[in-house]
Amino acid sequence: MAFAPVVALLVFAVLSPSRASANGAYSHIHISQLAVAELPPGPIRDLLQDPLYIPMYEAGSMFPDSGYAANSPYGEEAHWPPFVRAYQEWLIEEYQGDFSSPEAKERLAFFLGFASHGVADQTYDTMMLARSEEIDGPVADVDTEADYFIIVDHDVQLYTQAWAPYEPLPGIFADSVMYGANPAVGSIDTSTLESGMGRMGFVIFIQRRAAYGGYLHAWNTYPWLGTHIYNPDAHGSLPHLAKLVAKSWQALYRRVQGVASMDTDLVVATVPEDGAMNFPVDPAESRTLTQLGVLFGYGIKRDQLQPLMRLVDENGDTVPTTFHTPYNTGIAFFTMLRPSQALQYDHQYRVEISAGVENLANETNSVPYTFTFRTRCADDALADCPPLPPPLVTGPIPTEVPAIPEMDAGVDQGLTSVDQGVDQGTSALPTGGGGCHVGPAGSDDGLPWLGLLLLGGVLRRARRARSRGAAPR
Numbered sequence: 167m168a169f170a171p172v173v174a175l176l177v178f179a180v181l182s183p184s185r186a187s188a189n190g191a192y193s194h195i196h197i198s199q200l201a202v203a204e205l206p207p208g209p210i211r212d213l214l215q216d217p218l219y220i221p222m223y224e225a226g227s228m229f230p231d232s233g234y235a236a237n238s239p240y241g242e243e244a245h246w247p248p249f250v251r252a253y254q255e256w257l258i259e260e261y262q263g264d265f266s267s268p269e270a271k272e273r274l275a276f277f278l279g280f281a282s283h284g285v286a287d288q289t290y291d292t293m294m295l296a297r298s299e300e301i302d303g304p305v306a307d308v309d310t311e312a313d314y315f316i317i318v319d320h321d322v323q324l325y326t327q328a329w330a331p332y333e334p335l336p337g338i339f340a341d342s343v344m345y346g347a348n349p350a351v352g353s354i355d356t357s358t359l360e361s362g363m364g365r366m367g368f369v370i371f372i373q374r375r376a377a378y379g380g381y382l383h384a385w386n387t388y389p390w391l392g393t394h395i396y397n398p399d400a401h402g403s404l405p406h407l408a409k410l411v412a413k414s415w416q417a418l419y420r421r422v423q424g425v426a427s428m429d430t431d432l433v434v435a436t437v438p439e440d441g442a443m444n445f446p447v448d449p450a451e452s453r454t455l456t457q458l459g460v461l462f463g464y465g466i467k468r469d470q471l472q473p474l475m476r477l478v479d480e481n482g483d484t485v486p487t488t489f490h491t492p493y494n495t496g497i498a499f500f501t502m503l504r505p506s507q508a509l510q511y512d513h514q515y516r517v518e519i520s521a522g523v524e525n526l527a528n529e530t531n532s533v534p535y536t537f538t539f540r541t542r543c544a545d546d547a548l549a550d551c552p553p554l555p556p557p558l559v560t561g562p563i564p565t566e567v568p569a570i571p572e573m574d575a576g577v578d579q580g581l582t583s584v585d586q587g588v589d590q591g592t593s594a595l596p597t598g599g600g601g602c603h604v605g606p607a608g609s610d611d612g613l614p615w616l617g618l619l620l621l622g623g624v625l626r627r628a629r630r631a632r633s634r635g636a637a638p639r
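For the sequence shown, my numbering gives the first residue as 167, with consecutive numbering after it.
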């Protein structure tokens with residue numbers, strides 16, 4: 167089948183000036199899958215484990231990046247709290263807390279999916295990706311290539327459909343402007359949304375094929391990242407992100423039920439966890455490992471929060487720090503304090519967040535929030551202290567590419583244009599479907615590398631105006 171011309175058209179249709187990304191499209195969907203397993207028993211887990219609604223949260227998990235594929239500003243804004251807030255308010259108004267109908271369940275599942283995407287990007291970039299840059303060196307196409315580790319090493323295969331609640335989305339984007347989104351999303355139309363999601367469906371197909379052609383290059387370029395992207399003990403790894411997303415989902419569900427409050431749901435997770443031991447002391451050794459992160463249950467305003475958050479030592483003195491949000495954006499779910507000097511050994515510190523923090527609806531908390539941690543002991547005192555965790559070293563690095571799984575062959579029979587996407591279900595595609603074949607590394611048809619071009623065009627957009635976030639959103 168003449169498949170290369172289709173890919174060539176996609177390359178021209180999707181490529182755009184390079185920006186950057188965090189997690190790849192595959193990783194985002196898989197993080198949500200892992201997060202479902204981290205949920206406690208209850209209505210959210212029941213919803214997201216139901217085969218009828220799995221396609222909706224998976225589609226939501228890739229939705230924000232679909233805007234890059236469509237070259238539309240909705241892609242950037244779908245990552246951020248203003249859009250999450252607008253969709254939340256729409257759900258509340260539309261369903262009044264009753265999500266028993268199939269339509270309500272579909273739209274709630276989609277909401278949780280795209281909210282997962284934004285939380286994962288903000289935390290992954292500032293932890294796992296930042297640590298990779300400290301060890302592996304500067305990142306380039308890391309978003310695309312990191313997907314290869316989970317596709318090949320962990321045999322993750324996805325067949326995500328291009329589903330979205332297209333009809334109400336333009337109005338929700340318009341409403342997000344009042345919460346701080348870019349006014350350019352006030353005039354998004356459904357055809358743009360459908361085009362973007364169709365293209366992302368094709369990206370998912372291409373990514374699982376391109377992985378085998380780029381696998382060894384990814385490992386040789388990002389060996390520490392490849393070693394620890396699935397390590398639950400590494401901050402920002404996919405299992406760690408899944409825990410953070412699951413906690414965020416629980417707060418979001420309380421919000422759409424109308425039972426959340428700024429006092430009970432302001433903070434959903436901290437890094438390190440409250441009561442952590444053996445925290446590193448020297449920012450000169452690693453800025454990433456010595457930063458203190460807080461994941462909020464609401465979108466917060468950087469400049470309003472900054473004076474209300476501080477690091478305090480055992481004597482009650484404020485420790486010098488710098489305050490950060492991901493990409494220095496003005497509105498975020500995740501914030502960090504970075505110590506400006508070495509911390510004391512074997513010393514208990516606490517992070518304090520005062521009352522008066524505002525969310526995007528100008529609601530505030532009346533109860534302060536605090537979490538504590540204890541630093542590691544000095545080398546000459548280790549015998550009397552808790553044992554240090556083993557260092558996260560690199561390797562082993564693979565030298566051969568595994569065979570492509572038999573089940574992963576072909577594309578959906580209905581794929582005839584960029585905007586039609588791929589298989590419309592989560593089950594595996596039929597072997598040989600569509601009559602197309604994509605060879606492994608070293609094959610003559612070259613599709614994996616054309617796929618890389620396509621993925622680069624879609625996903626590099628995501629190194630996103632994230633740098634643009636220096637201006638308040």
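Just so you know, even glycine gets a beta-carbon here, dropped at the ideal spot from N, CA and C.
Please read all numbers here as calculations on a predicted model, not as lab measurements.
According to DSSP, simplified to helix, strand and coil, what is HIS406? Of the three classes helix, strand and coil, the one that applies to HIS406 here is helix, per DSSP.
So, with DSSP's three-state summary, where would you put MET443? It is a strand residue.
State yes or no: is the C-beta of THR358 within less than 8 Å of the C-beta of ALA236? For THR358 and ALA236, yes; Cβs fall inside 8 Å.
Quick check: what's the CA-CA separation for ALA377 versus ALA569? So the two alpha carbons sit approximately 11 Å from each other.
Could you check which residue in SER227, GLY208, LEU218, HIS283 has the C-alpha nearest to that of PRO268? When only C-alpha atoms are compared, the closest one is LEU218.
Run the proximity test for GLU224: is its beta-carbon closer than 7 Å to any non-hydrogen atom belonging to the ligand SAM? The model depicted lacks the ligand SAM and carries no ligand whatsoever.
What separation, rounded to the nearest whole angstrom, lies between the Cα atoms of ASP291 and VAL567? Going by the C-alpha atoms only, they are around 27 Å apart.
Residue from ARG251, ALA544, SER427 with nearest C-alpha to ASP448: Among ARG251, ALA544, SER427, the Cα nearest to that of ASP448 is on ALA544.
For the beta strand (DSSP E) that ARG476 lies in, which residues bound it at each end? Looking at the DSSP string, the run of the beta strand (DSSP E) that includes ARG476 is 475-478.
Option nearest GLY463 by Cα separation, candidates GLY379, TRP385, SER282, THR484: Nearest C-alpha to GLY463: SER282.
Less than 6 Å between C-beta atoms, sequence neighbours within five positions excluded: which residues of the same chain meet that for VAL343? Correct list, in chain order: PRO349, GLY352.
Would you kindly work out how many angstroms separate the C-alpha atoms of THR560 and GLN423, rounded to a whole number? Their Cα atoms are separated by approximately 45 Å.
What number of angstroms, rounded off, separates the C-alpha of ASP512 from the C-alpha of GLY362? Cα to Cα, ASP512 sits roughly 52 Å from GLY362.
Exposed or buried, what is THR487 when buried is set at 16 or more other beta-carbons lying within 10 Å of its beta-carbon? By the neighbour-count criterion, in which a residue is buried when 16 or more other Cβ atoms sit within 10 angstroms of its Cβ, THR487 is buried.
Best match in ASP546, HIS194, GLU242 for proximity to GLN323 [C-alpha to C-alpha]: Comparing Cα positions, the closest option is HIS194.
Just to confirm before moving on: does the CB-CB distance between SER414 and LEU461 stay below 8 Å? In terms of Cβ geometry, SER414 and LEU461 form a close pair [threshold 8 Å].
Quick one, are the C-beta atoms of LEU458 and MET502 less than 8 Å apart? Result yes, Cβ atoms of LEU458 and MET502 sit closer than 8 Å.
Measure the beta-carbon distance from ALA275 to ALA408 and round it to whole angstroms, keeping in mind my assumption that it falls under 8 Å. Wrong, their Cβ atoms sit about 16 Å apart, outside the cutoff.
Helix, strand or coil, according to DSSP, for GLU518 in the structure here? Look at GLU518 here: in three-state DSSP terms it is strand.
For GLU299, which residues of its own chain have a beta-carbon under 7 Å away from its beta-carbon, when the five flanking residues on both sides are left out? Counting only residues of its own chain and dropping the five nearest sequence neighbours on each side, GLU299 has a CB closer than 7 Å to the CB of VAL305.
DSSP on ASP578, reduced to helix/strand/coil? Low confidence applies here, because ASP578 scores a pLDDT of 33, under 50, leaving its location unreliable and the question unanswered by this model.
According to DSSP, simplified to helix, strand and coil, what is TYR640? Since the first and last residues shown for the chain are 167 and 639, residue 640 lies out of range.
Would GLY241 pass as a contact of SER227 if the rule is Cβ separation under 8 Å? No, these two residues do not count as a Cβ contact at 8 Å.
Which residues in the same chain have their Cβ closer than 8 Å to the Cβ of ILE210, if we skip the five residues on either side of it in sequence? Excluding sequence neighbours, ILE210 sits near LEU278, TRP415, GLN416, TYR419.
Alpha carbons only, please: which of ASN481, PHE229, GLU529 is nearest the one belonging to GLN510? It is ASN481 whose Cα lies nearest to the Cα of GLN510.
Rounded straight-line distance, which links the Cα of TYR314 to that of PRO556: Our two residues, PRO556 and TYR314, have alpha carbons roughly 26 Å apart in a direct line.
Restricting to Cα atoms, I'd like to know which of GLY364, HIS406, SER520 is closest to ALA330. Checking every option, the nearest Cα to that of ALA330 belongs to GLY364.
Residue range of the alpha helix (DSSP H) that includes ARG273: It spans 268-292 - the alpha helix (DSSP H) in which ARG273 sits, taken as one unbroken run.
What separation, rounded to the nearest whole angstrom, lies between the Cα atoms of GLU518 and GLY441? If I take the Cα positions, the gap works out to 14 Å.
Same chain, Cβ closer than 6 Å to ALA270, neighbours up to 5 away in sequence not counted: For ALA270, where only same-chain residues beyond five positions count, the Cβ hits under 6 Å are TYR261.
Taking the straight line between their C-alpha atoms, what separation do you get for THR495 and VAL411? Distance between the alpha carbons of THR495 and VAL411 is about 20 Å.
Please work out which residues of its chain come closer than 8 Å, Cβ to Cβ, to LEU404, disregarding the five sequence neighbours upstream and downstream, and give them in chain order. When the five nearest sequence neighbours on each side are left out, the beta carbons in the same chain lying within less than 8 Å of the beta carbon of LEU404 are those of SER193, HIS196, ILE197, LEU200, ILE316, ILE395, TYR396, in order along the chain.
Counting along the chain, where does the alpha helix (DSSP H) carrying GLY337 start and finish? Counting along the chain, the alpha helix (DSSP H) containing GLY337 begins and ends at 335-342.
Taking 8 Å as the cut-off, decide whether the C-beta atoms of ARG453 and ARG504 are in contact. The Cβ-Cβ distance between ARG453 and ARG504 falls below 8 Å.
According to DSSP, which residues form a beta bridge with GLY459? In the DSSP assignment, GLY459 forms a beta bridge with VAL437, MET502.
8 Å is my cut-off, CB to CB: does LEU410 come that close to chain C? This model lacks chain C altogether, as it is built from one protein chain only.
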